[in-house]
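So the structure is just underneath, and the comments pick up after that.
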Amino acid sequence: MGSQSDWPVMKNAADVLDRLEIGYEAKIVSAHRTPERLYRFASGAREAGFKVIIAGAGGAAHLPGMTAAMTPLPVFGVPVESRALSGKDSLLSIVQMPAGVPVGTLAIGRSGAINAGLLAAAVLALGDPALAARLDAWRAEQTAAVAETPRDET
Ligand code: RP5
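Numbering (the numbering used here), first residue to last: 37 to 190.
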């Protein structure tokens, strides 16, 4: 993520990965404030053993796109809500990549972070039957938790 301030949103992705027993590293890598850290991380990510990258950033959210420019790994971008423009700036900064350098862009905020975790899990599950089974179980549990009739809120 681009900043410590992104962590409350991006922790939702980490929670999904924890739940599905997927190993990960959570890092602060700012495209603007720590460009050399970004270069080192993104250009070395595949050799370091990473399989998928989830990049969350807000405002002028260049982190996912610049990461994708420097690695062949799948990159999922999460637009974090910005104070000034509620994350619309983040979304547009991430989604409109030029052809040839893909970023899979998720929804703004918590939903996007959760779904980024689930998408990363789905990619990894293609080569990991045990993870695929855990993901199936998670989906079944989610479905079972949806009541057919609403109840009054207390
Ligand atoms: C972006 O700027 C970060 O991803 C964050 O969403 C936003 C604001 O960062 P802070 O000023 O809160 O550190 O680079």
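Every residue gets a Cβ at the ideal spot worked out from N, C-alpha and C, and that includes glycine.
For clarity, every value in this text was computed on a predicted model and none was experimentally measured.
For residue 89, DSSP records a beta bridge to 111. Here the distance from the Cβ of residue 42 to the nearest heavy atom of the ligand RP5 is below 6 Å.
Residue side-chain check: residue 116 places its Cβ nearer than 6 Å to a non-hydrogen atom of the ligand RP5.
Cα atoms of residue 131 and residue 184: separation of roughly 35 Å, rounded to the nearest angstrom.
Runs of beta strand (DSSP E) with 3 or more residues, each lying fully within the region 117-167, are absent.
DSSP places residue 101 in the helix class (H, G or I) of the three-state scheme.
Per DSSP, reduced to three states, the secondary structure at residue 80 is helical. Annotation for residue 45: the continuous alpha helix (DSSP H) segment containing it runs 43-55. The ligand RP5 has a heavy atom closer than 6 Å to the beta-carbon of residue 39. For residue 39, the closest alpha carbon among the candidates 168, 148, 100, 66 is that of 66.
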